[in-house]
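S.K.: Here it is, the structure, as structure tokens.
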Amino acid sequence: MNLEGYRILFIAGTLVLMLIIAFPTLSLGVMFPSGAAKFSEFWLLGPNHMLGDYPFTVKTNETYQTFVGVGNHMGQDSYYKILVKFRSSNQPLPNDSEPSPLPPLYECQFFVANEGTWESNLNFSVSGVSFTGSESLVRDVTINEAAFPVNSSSPWSPDQGGSFYQMFVELWLYNMTSKSFQYHNRYVEIWLNLAGTS
Amino acid sequence: MSLSKLAFVSVFILFFALAFSSVTPGLAQSSGENAANSLNKAEGSIDSAYQTVLDLKSLGGNVNDSIAQLNEAAGFLAKAQVAYRLGEFDDAFRLANLCYDISNRVKVGTENSLLQAAAEQSSKAFITITGSIVGFVVSGLCSFWLWRVFQRRYNARILRMKPEVASNES
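Same order as they appear, the protein sequences are chains D and G. For the first sequence, my numbering assigns the number 997 to the initial residue and increments by one for each residue that follows. For the second sequence, my numbering assigns the number 33 to the initial residue and increments by one for each residue that follows.
Written as structure tokens, this is what we have:
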């Protein structure tokens, strides 16, 4: 290698060394994007903390236990809200981008540290159930000991031998920019069959 | 009881019944408004406490306690929202105020930690930047010096290389 080749090698080595020395200072002002995807886990489990043992056929005034949980992978401590809603089989569900227009019954607000999880009981019962002709009526739903009037009716399905309702939970995330909760495009639900509850 | 006394008692009862019926909805409305105002105040307080917690976290501060307390405040807020929805305005008012008190306490506590963390952060930044500048200059000067030494030795080595002299005497 001639002298010119060595000179280029020296300059390159010096630049690399300077870059290494400047790295701590650069890292103060430059945000390095993290490659990890930002998302939230959201789950609803049955009384034994299993996916498959949800209550399905429910009886009046009997309390059923479920667990709702959230895992935070949003890259920062996040502020969440869950809204519990109840619908008959002909009322709207949320979709991937819009929450259900039904009014919420119960709600929970909580903070979850980054990479942390939160879980809570969601105990519910139905009361004031009546069957009139070809439909059933649920007057009240009690969630974690708070009773909510719903007055929801659902048609009797002779094929499936029941009258079906759904309890679903929407996940909302607090947006610091708009200073409000926004639907986080996630919901979990369980079907409830009120056959033979009266 | 004489007729005049009976008439007086009847008028008295009627007056109170009318007065009570006109005041009760007003009271309910005003307690509803109080509860709504308290809810708004509690929501604002949680928001600003959360912002302070995020700021502290971004400066590398420990926010575990603050998050735990904010969770307590958020729990009260959620209960207050449910109570308000059910028309239990007194409960909503009480729970929203509890939420406000806790979140306000978190905010004040976190702001103090934030000032401390900001001071630590700025002294760290000063040391880092000064270190980088000094390192920059030293590495530049050292490289230049090394290059000069290397260049001198390289030239000396070249000069030491003597061309071979071939003899063509016959």
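For each residue, glycine too, the CB sits at the ideal point set by N, CA and C. Computed from a predicted structure; not experimentally measured.
Are three or more beta carbon pairs between the region 1091-1103 of chain D and the region 86-100 of chain G nearer than 8 Å?
M.R.: Segments in contact, no.
S.K.: Would a C-beta distance cut-off of 7 Å place F1082 (chain D) and N1189 (chain D) closer than the cut-off?
M.R.: Taking the first residue of the first sequence as 1, we reach residue 1082 (chain D) at position 86. Taking the first residue of the first sequence as 1, we reach residue 1189 (chain D) at position 193. No. Outside cutoff.
S.K.: Could you tell me whether any Cβ in chain D is nearer than 7 Å to the Cβ of N103 (chain G)?
M.R.: Here the question's residue 103 (chain G) lines up with position 71 in the second sequence. Chain D, which has a Cβ nearer than 7 Å to the Cβ of N103 (chain G), makes this yes.
S.K.: Within 10 angstroms of the Cβ of S77 (chain G), are there 16 or more other Cβ atoms? Answer buried if so, exposed if not.
M.R.: Sequence index remark: in the second sequence, residue 77 (chain G) carries index 45 (1-based). Classification of S77 (chain G): buried, given that the 10 Å Cβ count is 16 or more.
S.K.: What are the residues of the region 1103-1126 of chain D that lie near chain G, defined by any Cβ-Cβ distance shorter than 7 Å?
M.R.: Result list: E1103, C1104, Q1105, F1106, F1107, A1109.
S.K.: Any chance you could list the beta strand (DSSP E) runs of at least 3 consecutive residues sitting entirely within the region 1082-1142 of chain D, in chain order?
M.R.: Listed in chain order, the complete beta strand (DSSP E) runs (minimum 3 residues) inside the region 1082-1142 of chain D are 1102-1108, 1113-1128, 1131-1139.
S.K.: With a threshold of 16 other CB atoms inside 10 Å of the CB of V170 (chain G), please say whether the residue is buried or exposed.
M.R.: Taking the second sequence and counting its residues from 1, the one referred to as residue 170 (chain G) is at position 138. By the neighbour-count rule (16 or more Cβ atoms within 10 Å), V170 (chain G) is not buried but exposed.
S.K.: Quick check on this structure: which residue in G:N66, G:L118, G:T142, G:D79 has the alpha carbon closest to the alpha carbon of V95 (chain G)?
M.R.: For the purposes of this step, residue 95 (chain G) is taken as residue 63 along the second sequence, with counting starting at 1. For V95 (chain G), the nearest C-alpha among the options comes from G:T142.
S.K.: If we ignore side chains and look at the alpha-carbon of each, how far apart do V1108 (chain D) and R1182 (chain D) end up?
M.R.: On the first sequence, position 112 is the one that residue 1108 (chain D) refers to. On the first sequence, position 186 is the one that residue 1182 (chain D) refers to. Near 16 Å, if we compare the C-alpha coordinates of R1182 (chain D) and V1108 (chain D).
S.K.: Let me know the alpha helix (DSSP H) ranges lying completely inside the region 102-161 of chain G, each 4 residues or longer, listed in chain order.
M.R.: None, since the region 102-161 of chain G contains no complete alpha helix (DSSP H) of that length.
S.K.: Spatial neighbours of D133 (chain G) within its chain, please: C-beta separation below 6 Å, excluding the five flanking residues on both sides.
M.R.: For this step, residue 133 (chain G) is matched to residue 101 along the second sequence. There are no such residues.
S.K.: Reducing DSSP to helix, strand and coil, say where K1034 (chain D) ends up.
M.R.: Counting from one through the first sequence, the residue named residue 1034 (chain D) turns up at place 38. The answer is coil: DSSP assigns K1034 (chain D) none of H, G, I, E or B.
S.K.: From A100 (chain G) to S1176 (chain D), what distance separates their C-alpha atoms?
M.R.: Residue numbering aside, residue 100 (chain G) sits at position 68 when the second sequence is read from its first letter. Residue numbering aside, residue 1176 (chain D) sits at position 180 when the first sequence is read from its first letter. Answer to the nearest angstrom: the Cα atoms are 21 Å apart.
S.K.: In terms of alpha-carbon separation, which member of D:A1191, D:V1165, D:N1057, D:L1169 lies closest to L1041 (chain D)?
M.R.: Indexing the first sequence from 1 puts residue 1041 (chain D) at position 45. Cα-wise, what sits closest to L1041 (chain D) is D:V1165.
S.K.: Taking T1021 (chain D) as part of the beta strand (DSSP E), name the residues at either end of that continuous run.
M.R.: Translated into positions along the first sequence, residue 1021 (chain D) becomes position 25. That residue, T1021 (chain D), is in no beta strand (DSSP E); its alpha helix (DSSP H) goes 999-1025.
S.K.: Suppose contacts are defined by Cβ-Cβ distances below 7 Å. Is Q1061 (chain D) in contact with N1119 (chain D) by that definition?
M.R.: Walking along the first sequence from the start, residue 1061 (chain D) turns up at place 65. Walking along the first sequence from the start, residue 1119 (chain D) turns up at place 123. Closer than 7 Å, so yes.
S.K.: With 7 Å as the threshold, decide whether the Cβ of S1194 (chain D) is near any Cβ in chain G.
M.R.: The count along the first sequence starts at 1 and reaches residue 1194 (chain D) at position 198. Unreliable positioning characterises S1194 (chain D) in this predicted model, as indicated by a pLDDT of 47, which lies under 50. The coordinate reading is nonetheless provided below. Not closer than 7 Å to any Cβ of chain G, the Cβ of S1194 (chain D) fails to qualify, so no.
S.K.: Look up H1069 (chain D) in the DSSP assignment and give the residues it is bridged to.
M.R.: The residue labelled residue 1069 (chain D) in the question sits at position 73 within the first sequence. D:F1035, per the DSSP bridge assignment.
S.K.: Please report the distance separating the alpha-carbon of A135 (chain G) from that of A157 (chain G).
M.R.: Taking the second sequence and counting its residues from 1, the one referred to as residue 135 (chain G) is at position 103. Taking the second sequence and counting its residues from 1, the one referred to as residue 157 (chain G) is at position 125. Note that residue 135 (chain G) is Ser in the sequence shown, not Ala. Rounded to the nearest angstrom, the two C-alpha atoms are 31 Å apart.
S.K.: Look up V1064 (chain D) in the DSSP assignment and say whether it is helix, strand or coil.
M.R.: Counting from one through the first sequence, the residue named residue 1064 (chain D) turns up at place 68. It is a strand residue.
S.K.: Could you work out which residues of chain D lie near E133 (chain G), taking near to mean beta carbons separated by less than 8 Å?
M.R.: Here residue 133 (chain G) refers to the residue found at position 101 when the second sequence is read from its first residue. According to the sequence as given, residue 133 (chain G) is Asp; it is not Glu. What D133 (chain G) touches in chain D: nothing, since even the nearest Cβ is about 16 Å away.
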